[in-house]
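Its first residue numbered 2, the sequence shown is counted upward by one per residue in my numbering.
Ideal Cβ positions, reconstructed from N, Cα and C, are used throughout, including at glycine.
Values in this document were obtained by computation on a predicted structure and should not be read as measured data.
Below is one structure, written out as structure tokens; the observations come after it.
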Amino acid sequence: MLKIQRSSSDKVIYTLSGRIEAEDLAELQRLIDLESAGQHLALDLKDVTLADRDAVKFLLDSEEHGIKLENCPLYIHEWIEREQEAKHSEKGQKHRKRSTRKRSD
């Protein structure tokens with residue numbers, strides 16, 4: 002079960018507690034989407050006990066869109082880094098395949 006608490010001062014912080022699983026992501030995204038454009042956002046993960054792969058991908062995408070991850074547990078941080086490396090590696094392979102096709106035409 003995921004608990005989400007919102008607080009704000011100079012930025013909006015969503016403090017997440019418990020497990021982050023695929024079924025929680027739509028609600029979390031909905032809350033993020035309700036924030037004003039240009040608003041500084043952060044997800045505080047200090048009380049997260051478990052995250053599944055979909056959650057890690059969501060956190061990676063969030064970070065890439067400017068949302069700061071605060072107090073991220075080490076295992077989640079390392080998993081995000083591995084997902085990021087895999088994502089960039091995959092993009093590189095797709096680019097190389099397209100480049101090879103163009104040259105062979």
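So for Ala43, helix, strand or coil by DSSP? In this structure, DSSP gives Ala43 an extended state, which the three-state scheme calls strand.
Taking all protein chains shown into account, decide if Asp106 is buried (16 or more other Cβ within 10 angstroms of its Cβ) or exposed. Confidence at Asp106 is low in this model, with a pLDDT of 49, below 50, so its placement is unreliable and no value can be given for it.
As assigned by DSSP and simplified to three states, the class of Lys1: Because the chain in this structure spans residues 2 to 106, residue 1 falls outside the shown range and cannot be described.
List the residues that DSSP assigns as beta-bridge partners of Ile21. In the DSSP secondary-structure assignment, Ile21 is bridged to Ala52.
Tell me the DSSP secondary structure of Ile81 in three-state form. Assignment of Ile81 by DSSP, reduced to helix, strand and coil, places it in the helix class.
Relative to the C-alpha of Ala43, which residue among Leu75, Arg31, Pro74, Arg7 is closest? Ranking Leu75, Arg31, Pro74, Arg7 by Cα distance to Ala43 puts Arg7 first.
Which residue comes first and which comes last in the beta strand (DSSP E) that contains Ile68? Careful: Ile68 lies outside any beta strand (DSSP E) and carries neither H nor E.
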